[in-house]
Amino acid sequence: MSADLFLTVFVAGVAAGTVFLFAAVGEIITERAGVLNLGLEGMMLVGAVTGFLVNHQFRQLWLGVLAAVVAGGALGLLHALLVVSFRTNQVVTGLTLVIFAGGLSGYAGESVVGVAPPATFEPVAIPLLSAIPVLGRVFFRQNPLVYLSYGLVVATWFWLFKTRPGLNLRSVGESPETADAVGISVTRTRYAAVVAGGGFAGLAGAYLSLAQSPSWVPNMTAGRGWIAIALVIFATWSPVRAVFGAYVFGCVEALGFRLQAVGVDIPSFFVSMLPYLFTIVVLVVISRDTARRRLAAPASLGNAYVREER
Amino acid sequence: MSTHDPGPAEGAVELRGIVKRFPGIVANDNVDFSVARGEVHALLGENGAGKTTLMSILSGAYRPDAGTVSVGGRTMSFRSPKQAIEAGIGMVHQHFRLVQPLSVAENVLLGAPSTFRLAGNATEDRVAELAEAYGIRVNPSAKIWQLSVGEQQRVEILKALFREASVLILDEPTAVLTPQEATHLFSIMRRIASEDRAVIFISHKLDEVMAVADRVTVLRAGRGVATLTIGESDKANLARLMVGREVMFRVARSDHDAGAPRLTVKGLIATGDLGLPALRDVTLEVRAGEILGVAGVAGNGQRELTEVIAGLRPAISGTVAIGGRDLSASTPAERISAGLGYVPEDRLGTGLIPSLGCIDNVMLKRTDEFARGFFINKQAAEAATSELVDRFDVKTSSLHSPVSLMSGGNIQKLLLARELSAGPGALVVAQPTAGLDVGATEAIRRLLLEQRDAGVAVLLVSEDLDELLSLCDRIAVMYEGKVMGVVGAAGADREQIGLMMAGTASDPA
């Protein structure tokens with residue numbers, strides 16, 4: 004029975020980890036270009052409510068997903084406008100966006116709180132692959148958005164490290180002066196990265212409201228955006244390592260509920276604390292290794308770029 | 018009084034009547050400057066004379082307020098560095114524009130036209146080929162942060178060559194090189210010029226200008242003073258044009274015997290910011306009444322050494338002692354009261370607080386002195402500061418305005434004044450004249466020699482070998498965190514010091 008418990012934890016862990024994965028991969032793109040987006044939580048909320056509303060209205064799951072991506076990207080555009088063009092403080096702007104988007108999503112979703120969605124993403128077994136023992140059940144009997152996340156991780160990795168635009172983006176995040184001096188547009192690159200990151204956050208939100216727990220409740224992200232930001236540091240800005248981290252966090256979240264389900268007596272408040280406690284532990288552990296973190300972190304992360312400064 | 022002729026070959030670059038103003042100063046005041054193909058043209062001037070500004074206009078980073086830029090006979094109006102690159106202008110900045118975590122090949126490729134997908138090996142081969150053609154030694158797959166400063170500079174040159182620059186601008190390129198590396202660079206410069214390209218060499222070092230340039234244009238206080246061929250100029254003549262008065266090349270230095278060891282460090286081992294070894298068993302002894310110089314290319318442990326002595330960086334092992342008292346476990350405050358003065362390289366970061374005024378900055382280290390119980394005795398602090406400012410000739414509009422508004426020379430004088438006012442027995446000074454004009458440099462050097470004559474043990478870290486040779490009694494050479502040897506400054510051999518800076522031990526091989 005305990006082997007079975009672990010298997011169900013892993014299956015649920017991948018499902019619960021995917022929301023972190025979408026958000027973290029987006030944040031990696033944004034931060035690799037040198038922009039800190041602390042508004043992730045808010046962008047996820049707006050994505051969640053937009054996806055839910057569109058699906059509710061048109062009974063089109065994928066249209067909901069698309070709308071969520073656009074909504075997240077639009078908030079990303081706002082963030083980019085503020086921090087890249089107007090050079091506002093990235094930390095304060097991000098925090099403000101969270102509060103703004105929290106209110107906005109609550110207002111937009113007022114009529115659909117607790118309403119059952121007309122359609123949801125359900126697990127689909129992939130032929131052949133799902134027959135692999137253990138791995139098949141963990142990775143290949145998930146909902147279609149999970150499969151999309153696999154593809155997006157690979158695509159993001161390839162884009163960042165194997166293509167010329169990816170090289171340009173990383174250079175902008177490391178040394179905007181260098182990029183500018185060789186003719187790469189710092190402003191355009193950063194806008195694109197922040198909008199893309201916002202789109203990923205919107206996608207993460209849609210995953211939450213259309214697949215993971217299909218419903219709309221105000222503030223339903225419950226801090227997952229903040230965990231995703233911590234996850235980026237944990238993954239040392241690599242989309243591939245983010246996969247591992249996201250599933251670890253997903254499993255921690257899943258574990259608490261499974262333990263309760265099999266009758267282990269822990270208070271539900273403690274269960275919902277688990278991922279956050281784990282986040283703190285992880286941050287402390289990786290902060291010990293300052294040298295590695297300094298090498299991995301984009302060197303100009305959080306700094307606005309001004310050309311003719313003197 | 019510009020005396021230039023059009024030059025032997027077709028004009029590569031022609032700047033006419035360039036004016037560039039920044040708030041408070043005119044950096045370029047109606048400057049004419051022209052360079053021919055096939056020549057190495059030196060742009061000579063003091064710090065702040067406007068050399069870098071003029072070249073930033075040519076390379077598209079700044080736009081002139083007036084004047085015209087023409088390249089290869091065509092008038093240009095660069096709106097960005099990219100347009101200048103496309104017109105064939107390549108600039109190697111003093112602070113390298115390289116992306117640290119990327120490889121040499123990736124940096125060379127960055128921004129250049131190429132395919133969507135990065136072709137790793139093919140690119141590296143192309144870069145290796147290009148490097149070979151110019152006799153440039155560098156490994157294309159190495160990451161930038163693994164390279165020495167000299168190697169990084171060669172990557173910058175490769176970047177420009179890769180873009181087929183017809184005009185290569187080098188901004189103070191030898192400041193970070195050993196004498197041997199500088200010679201290697203000069204041969205690369207000649208090679209590039211021999212291909213009918215133009216090389217512009219920004220410098221304030223007369224020997225180097227005489228050694229490598231065909232012609233020289235002198236800037237002073239933002240104005241073009243003269244353009245001469247090397248044949249018709251000599252060092253004294255150029256120095257006079259550059260500074261506007263006669264210059265002494267050597268600082269007067271009295272002979273006297275040093276006293277007992279005052280500042281000693283033994284077996285210091287410490288790591289740098291990235292956790293890599295920065296000091297590997299450093300042992301040095303500075304005697305009372307001597308200046309011990311520390312020579313070396315930047316990044317060979319000099320900064321870490323000064324930080325460990327000041328107590329700002331923990332040592333893994335080894336001891337620091339002043340006057341025989343072991344301070345290895347002491348806090349910075351305890352070291353100060355034991356008689357240590359510290360003038361860090363980073364004047365406005367570690368040395369002074371930029372947004373505070375002179376009084377607050379002076380008080381910072383002497384709070385006990387100006388305390389009245391829990392409160393501050395502002396009058397006493399103001400009186401002491403104004404006395405210091407007078408004595409050390411610090412020019413400032415107000416004792417209250419932020420020190421960041423003062424010039425580099427005055428900032429350094431204020432910092433030195435504060436450190437010396439405590440009457441230190443030992444003084445650690447890092448890069449005291451970097452970026453200062455000739456007047457301020459002379460004043461700072463004189464102050465350091467006064468301290469030596471008064472019996473203070475001075476440890477002077479500098480990248481300027483000439484400065485060390487003229488000020489120091491002995492010179493220690495550091496390479497990769499080790500002391501390669503200590504030589505007497507009188508009659509020291511530059512070549513030998515250069516070899517030690519590059520890692521050869523002090524016994525001639």
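Which chain is which? The protein sequence lines are A and B, in order.
Counting in the working numbering, the first sequence runs from 4 upward without gaps.
Counting in the working numbering, the second sequence runs from 18 upward without gaps.
Cβ coordinates follow ideal geometry from the N, Cα and C atoms, glycine included.
TODO: Tell me HIS58/B's beta-bridge partners as DSSP assigns them.
DONE: In the DSSP output, where bridge partners are listed per residue, HIS58/B has ILE217/B, ARG232/B.
Open item on the list: Contact criterion: CB-CB distance below 8 Å. Does SER528/B meet it with respect to chain A?
Closed with: Residue 528/B lies beyond the stretch modelled for chain B, which goes from 18 to 526, so this question has no answer here.
Open item on the list: For ARG143/B, would you say it is in contact with chain A, using Cβ-to-Cβ distances shorter than 8 Å as the test?
Closed with: no
Task: CA nearest to the CA of ALA230/B, picked from ARG214/B, ALA509/B, ARG207/B, ARG240/B - done: ARG207/B
Task: VAL17/A and VAL149/A closer than 8 Å at C-beta - done: yes
Open item on the list: Using 8 Å as the threshold, is the C-beta distance between GLY79/A and GLY169/A below it?
Closed with: no
Task: Check whether ILE230/A and PHE13/A have beta carbons under 8 Å apart - done: no
TODO: Measuring only between beta-carbons, confirm whether ILE31/A sits less than 8 Å from chain B.
DONE: no
- [ ] Anything in chain A within Cβ reach of GLN117/B, meaning under 9 Å, just list it in chain order.
- [x] GLU177, SER178, LEU298, ALA302
TODO: May I have the straight-line CA-CA distance separating VAL189/A from SER5/A, to the nearest angstrom?
DONE: 53 Å
- [ ] Decide if the stretch 349-369 of chain B is in contact with the stretch 432-450 of chain B; the criterion is three or more beta carbon pairs, one per stretch, under 8 Å apart.
- [x] yes
Open item on the list: Within a Cβ cutoff of 6 Å, which residues of the same chain sit near PRO278/B, ignoring the five residues on either side of it in sequence?
Closed with: GLU302, ARG304
Open item on the list: Just to confirm, is the Cβ distance from ALA177/B to VAL109/B under 8 Å?
Closed with: Contact flag set, yes.
Task: CB contact check: GLU123/B to chain A, cutoff 8 Å - done: yes
- [ ] Report buried or exposed for ALA238/A, applying the criterion of at least 16 other Cβ atoms within 10 angstroms of its Cβ.
- [x] Buried, because 16 or more other Cβ atoms sit within 10 Å of the Cβ of ALA238/A.
- [ ] For ASP481/B, name the three-state secondary structure that DSSP assigns.
- [x] coil
TODO: Could you check the C-alpha separation between PRO23/B and THR367/B for me, to the nearest Å?
DONE: Note that PRO23/B has pLDDT 42, beneath the 50 cutoff, so the model's placement of it is unreliable and no number is given.
Task: LYS99/B: contacting residues in chain A (beta-carbon distance under 9 Å) - done: ASP183, ALA184, VAL185, GLY186, ILE187, SER188
- [ ] Go ahead and label ASP6/B buried or exposed: buried means 16 or more other beta carbons lie within 10 angstroms of its beta carbon, across all protein chains shown.
- [x] The question about residue 6/B has no answer, for chain B in this structure spans 18 to 526.
Task: Residues near GLN145/A in its chain [Cβ-Cβ closer than 7 Å; skip 5 each side] - done: VAL17, ALA18, PRO126
Open item on the list: Considering only their Cβ atoms, is the gap separating GLU404/B from ILE376/B smaller than 8 Å?
Closed with: no
Task: ILE269/A versus MET276/A - alpha carbon distance - done: The straight-line gap from Cα to Cα measures roughly 11 Å.
Task: Contacts around LEU194/B, its chain only, beta-carbon distance under 6 Å, and the 5 residues preceding and following it disregarded - done: GLY167
TODO: Let me know the alpha helix (DSSP H) ranges lying completely inside the stretch 419-478 of chain B, each 4 residues or longer, listed in chain order.
DONE: Uninterrupted alpha helix (DSSP H) stretches at least 4 residues long and entirely within the stretch 419-478 of chain B occur at 425-438, 455-470, given in chain order.
TODO: Report the three-state DSSP secondary structure of THR132/B (helix, strand or coil).
DONE: coil
Open item on the list: Here's the rule: buried if 16 or more other CB atoms are within 10 angstroms of the residue's CB, otherwise exposed. What is LYS68/B?
Closed with: buried
TODO: Give the straight-line distance between the Cα atoms of ALA332/B and GLU180/A, rounded to the nearest whole angstrom.
DONE: 34 Å
Task: Of the listed residues GLN429/B, GLY55/B, MET517/B, nearest to LEU365/B (C-alpha basis) - done: GLN429/B
Open item on the list: Is SER183/B close to chain A? Criterion is C-beta to C-beta, closer than 8 Å.
Closed with: no
Open item on the list: My parser needs the beta strand (DSSP E) runs of 3 or more residues fully inside the stretch 302-378 of chain B; what are they?
Closed with: 308-312, 334-339, 357-360
Task: 8 Å contact criterion, which LEU71/B and VAL48/B should meet: CB distance rounded - done: 6 Å
Task: Residue range of the unbroken alpha helix (DSSP H) whose run includes ILE226/A - done: For the sequence presented, residue 226/A should be read as Gly rather than Ile. Looking at the DSSP string, GLY226/A is not in any alpha helix (DSSP H), and its letter there is neither H nor E.
- [ ] Could you check the C-alpha separation between ASN222/A and VAL282/B for me, to the nearest Å?
- [x] 60 Å
Task: Which of helix, strand or coil DSSP assigns to PRO121/A - done: coil
Task: CB contact below 8 Å: SER174/A versus chain B - done: Look at SER174/A: its C-beta is under 8 Å from a C-beta on chain B.
Task: Limits of the unbroken beta strand (DSSP E) element including PHE113/B - done: Per DSSP, PHE113/B lies in no beta strand (DSSP E) segment and is marked neither H nor E.
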